[in-house]
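Structure follows, in structure tokens:
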């Protein structure tokens with residue numbers, strides 16, 4: 003049986019107790035609890051779900067982070083770590099009776115080693131800021147989420163973020179060498195290192211993508227890569243989404259690993275072109291952006307090979323960037339897909355599932371049918387090279403019925419992706435958004451093992467509770483909902 007929620011007076015008393023415990027540990031300006039001060043922290047990039055925290059702590063040193071965690075653990079207070087708040091799954095949504103631990107002040111680049119090609123940074127350093135700092139040394143940080151101008155490296159580690167160049171250079175996981183942080187008890191921990199192997203269990207990959215559930219990360223050592231001598235991008239148009247999807251599979255099948263391979267459908271292309279004027283073909287049903295980087299000779303050869311594959315796959319038009327300015331212009335459209343969607347709809351919900359590359363066209367056509375079913379528009383952008391979808395469902399959050407239909411639409415996309423052999427998330431994490439869909443992809447035994455891993459790091463369950471791993475009760479209720487509303491039945495999913 004669930005414990006009753008505290009009364010307003012009980013909540014106020016609890017807030018006062020926590021403020022009293024944390025006040026000696028932080029400067030006065032680093033502790034916020036008045037409503038007008040906590041409202042900016044009530045959600046991350048998933049604005050459909052909001053919750054104000056009891057208070058917000060903004061530590062400035064690792065010692066303060068450890069002290070805050072120890073105090074919260076002693077009081078059994080939930081803690082939700084927060085970076086820049088650009089996440090899209092509700093992973094940083096506050097706990098109603100907890101502390102939001104903002105790490106925004108941990109924004110220093112501690113060291114760049116051009117010989118080792120590494121950088122040691124605090125968790126609050128912006129993704130793009132690191133590449134800008136490394137540029138004079140001929141280096142950059144490869145993972146480049148669309149939000150790289152604002153998102154932080156600590157948040158990237160928490161979500162295992164990717165970006166348009168993830169196909170060739172990998173996700174955050176493949177570019178992080180070491181993380182340092184603190185457990186819920188305030189104990190310092192460190193995983194990974196500069197060597198190719200480290201003593202003991204390799205738990206670095208457990209921390210990357212753990213969504214703030216296992217530890218609070220404060221410092222990250224990342225791998226830098228040399229800036230290529232040249233990069234060129236092909237914009238290829240297709241009059242049919244299936245031909246575009248098949249072209250993606252054909253490029254990979256030809257043994258080509260582009261630096262970037264992205265896809266946008268016609269609604270997304272129209273929204274983006276009206277916003278940034280990237281030069282996109284508005285007559286195409288879908289466009290592909292295919293980039294090659296390296297030496298001039300390598301790029302020339304790879305561009306020619308990709309053009310041949312694209313032509314053989316039915317491309318109706320191809321344009322190759324003539325210079326760096328045009329290449330950046332092509333990518334500016336893709337990088338601005340999310341803000342462009344915000345210009346044509348009061349709200350949008352960006353989904354994030356992954357399917358086998360050969361099923362790209364199938365999922366796009368399925369989404370078109372879902373638009374009719376739920377009476378909502380959807381614009382699609384893909385990390386096509388690794389099958390990571392980002393459908394943006396357009397709706398009005400002030401209309402409760404539209405929000406409900408949007409949630410059903412999103413769940414349908416995620417669960418259809420699983421049925422096609424994919425997963426419910428690629429790089430945005432589970433957070434609160436995909437809790438129900440985790441019931442579809444993972445068996446009760448698998449979810450029990452996930453909870454056991456969390457318990458090993460956080461026995462009290464105080465770090466980011468209620469996220470990522472659904473309870474058995476929640477999954478049972480969701481299963482009954484599936485049958486009632488006639489959506490994807492559990493029987494259709496392997497292992498259920």
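Numbering (our numbering), first residue to last: 3 to 498.
Each residue gets a CB set at the ideal place from its N, CA and C atoms; glycine is no exception.
Secondary-structure assignment with DSSP links residue 162 through no beta bridge to anything. Residue 77 sits in a helix when the DSSP states are folded into three classes. Pairing residue 459 with residue 216 gives a Cβ-Cβ distance under 8 Å. Per DSSP, the continuous alpha helix (DSSP H) segment holding residue 332 begins and ends at 326-337. Straight-line spacing of the CA atoms in residue 305 and residue 280 works out to 20 Å. In this model, residue 337 and residue 177 are separated by some 21 Å (Cα to Cα).
For residue 365, the enclosing alpha helix (DSSP H) has its first and last residue at 362-376. As the crow flies, the alpha-carbon of residue 233 is around 7 Å from that of residue 301.
Taking C-beta separations shorter than 6 Å and ignoring five residues to either side along the sequence, residue 203 has no partners in its chain.
Sorting 63, 381, 289 and 312 by C-alpha distance to the C-alpha of residue 254 places 312 at the top. Looking only at 417, 387, 239 and 347, the smallest Cα-Cα distance to residue 396 is reached by 347. DSSP places residue 13 in the uninterrupted alpha helix (DSSP H) bounded by 10-24. Looking at the backbone, the Cα of residue 420 and that of residue 438 are separated by about 13 Å.
Taking the C-beta atoms as reference points, residue 53 is found no nearer than 8 Å to residue 80. According to DSSP, residue pairing for residue 392 in a beta bridge involves 383. Residue 31 counts as exposed, since fewer than 16 other C-beta atoms from the protein chains shown sit within 10 angstroms of its C-beta. Taking all protein chains in view, the Cβ of residue 78 is surrounded by fewer than 16 other Cβ atoms within 10 Å, so the residue is classified as exposed. One Cα belongs to residue 425, the other to residue 15, and the distance between them is close to 43 Å. Its Cα nearest to that of residue 65, the residue 184 stands out among 370, 184, 154 and 483. Secondary structure note for residue 182: its beta strand (DSSP E) is the uninterrupted segment 178-184. In the displayed model, residue 284 falls within coil according to three-state DSSP, outside both helix and strand. Closest by C-alpha distance to residue 29, out of 62, 18 and 19, is 62.
Rounded to the nearest angstrom, the Cβ distance from residue 353 to residue 391 is 7 Å, consistent with a contact under 8 Å.
Residue 277 carries a helical assignment under DSSP once its states are collapsed to helix, strand and coil. The C-alpha of residue 212 lies about 5 Å from the C-alpha of residue 160.
Distance from the CA of residue 169 to the CA of residue 261, rounded to the nearest whole angstrom, comes to 7 Å.
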